[in-house]
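Quick note: the sequence shown uses UniProt numbering, first residue 1, plus one each step.
Right, one structure below, let's go through it.
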Amino acid sequence: DGYEGWTGDDDDDDDDNDGEGNTEGGRQILAGVGYSMGAIVLSNYVARSGRGCRLDAAMAVSGGLDMREQLNFYRSMRLWQPMLAKELRDTLIVGKTEARYRSRLTEAQYLDLMRASSISSIDDQAVVTYNSYDDLTHYYTEMSAMGDTDAFRSLTSSSSSSSENSTSCAAEDSSIASMGRIADVSIPFCVLHALDDPLVTWRTTGRNPSKLVESGTGHVMMLLTKNGGHVGWPLGMNPRTEGWRWMNDAVRDFVVAADGALREEQADRSSREDGDGDGGGGAVAARES
Numbered sequence: 001d002g003y004e005g006w007t008g009d010d011d012d013d014d015d016d017n018d019g020e021g022n023t024e025g026g027r028q029i030l031a032g033v034g035y036s037m038g039a040i041v042l043s044n045y046v047a048r049s050g051r052g053c054r055l056d057a058a059m060a061v062s063g064g065l066d067m068r069e070q071l072n073f074y075r076s077m078r079l080w081q082p083m084l085a086k087e088l089r090d091t092l093i094v095g096k097t098e099a100r101y102r103s104r105l106t107e108a109q110y111l112d113l114m115r116a117s118s119i120s121s122i123d124d125q126a127v128v129t130y131n132s133y134d135d136l137t138h139y140y141t142e143m144s145a146m147g148d149t150d151a152f153r154s155l156t157s158s159s160s161s162s163s164e165n166s167t168s169c170a171a172e173d174s175s176i177a178s179m180g181r182i183a184d185v186s187i188p189f190c191v192l193h194a195l196d197d198p199l200v201t202w203r204t205t206g207r208n209p210s211k212l213v214e215s216g217t218g219h220v221m222m223l224l225t226k227n228g229g230h231v232g233w234p235l236g237m238n239p240r241t242e243g244w245r246w247m248n249d250a251v252r253d254f255v256v257a258a259d260g261a262l263r264e265e266q267a268d269r270s271s272r273e274d275g276d277g278d279g280g281g282g283a284v285a286a287r288e289s
């Protein structure tokens, strides 16, 4: 019937933006902000699109960069995810798309989906099976900004018995090719994540943040907090009075800072170009963003 279920690696809609968010000509910047699953999709788009990204800045809140790490997040699967899995199944599958899943899945597969007690299990029984991925690892690899590299899955590079080999390995690890598509990020991109996130493990942001922020052209920024939960960061004795103020203020401050930096860069570029046009010397290369 032509229907395809939505998946976390579906970033085609972003390519239809046609670059209207560019700051050229003094227009306002277009900043993308994603929360949870939206943050995962946004991160994947920013990394995959590289220099063709239609956004001027982006911020991912409580969304993993490498969802393969979720496969080992057993405590969350046992404690927190069963409640979310039930809500997800009841909201998105039963009553809305149940007929489509029943038409595509076998009775045994649909029964497994109804029995799924974790997000990863639903991904496996619904998304992977329905959309014909090879397996759950294949799906998480495709949906993740860092799904195509293992460069950030350890704290340090592999040790070597000789200093010469160590130097060679370090050079290889630092190469853009070994870092995968995350090294192609071309816009200011901030990742906000709490280390105590009960649903998306901090390991999905990479185990070596210092190495990550130095990847590619240095556009990736990390804001990691000790506490905060998942899309939370409550404040005060009565969090209801503050809502999500800290989280939203962090997003606002990043976007404002990115806007200021981009406008300053644009003004500097225009000044250089005007100076060159007045015969003030040889050609001046515009600073790349």
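Using N, Cα and C, we set each Cβ at its ideal position, and we do this for glycine too.
| query | result |
| --- | --- |
| Three-state class that DSSP yields for M83 in the structure shown | helix |
| Distance cut-off 7 Å: R54 Cβ against heavy atoms of the ligand SAM | As for the ligand SAM, it is missing from this structure, which has no ligand bound. |
| For F152, three-class secondary structure by DSSP | coil |
| Complete alpha helix (DSSP H) runs within the stretch 228 to 283 (minimum length 4 residues, chain order) | 239 to 242 and 245 to 277 |
| Residue span of the alpha helix (DSSP H) that contains T137, given as start and end | L136 to M143 |
| Range covered by the alpha helix (DSSP H) that runs through G38 | M37 to S49 |
| Alpha-carbon to alpha-carbon, P209 and M222 | 7 Å |
| Status (buried if at least 16 other CB within 10 Å, exposed otherwise) for T106 | exposed |
| Selected residue, minimal CA-CA separation from S178, among D196, P188 and K211 | K211 |
| As assigned by DSSP and simplified to three states, the class of M221 | strand |
| Residue from F73, N44, D124 and G32 whose Cα sits closest to the Cα of D197 | F73 |
| Residue burial classification, T91 (beta-carbon count within 10 angstroms, cutoff 16) | exposed |
| Residue closest to D123, alpha-carbon to alpha-carbon, out of L88, F189, R207 and W233 | L88 |
| F152 and G64 closer than 8 Å at C-beta | no |
| Counterpart residues of G180 in DSSP-defined beta bridges | For G180, which the question treats as bridged, DSSP gives no partner whatsoever. |
| Integer-rounded CB distance, given that M247 should sit under 8 Å from V61 | 6 Å |
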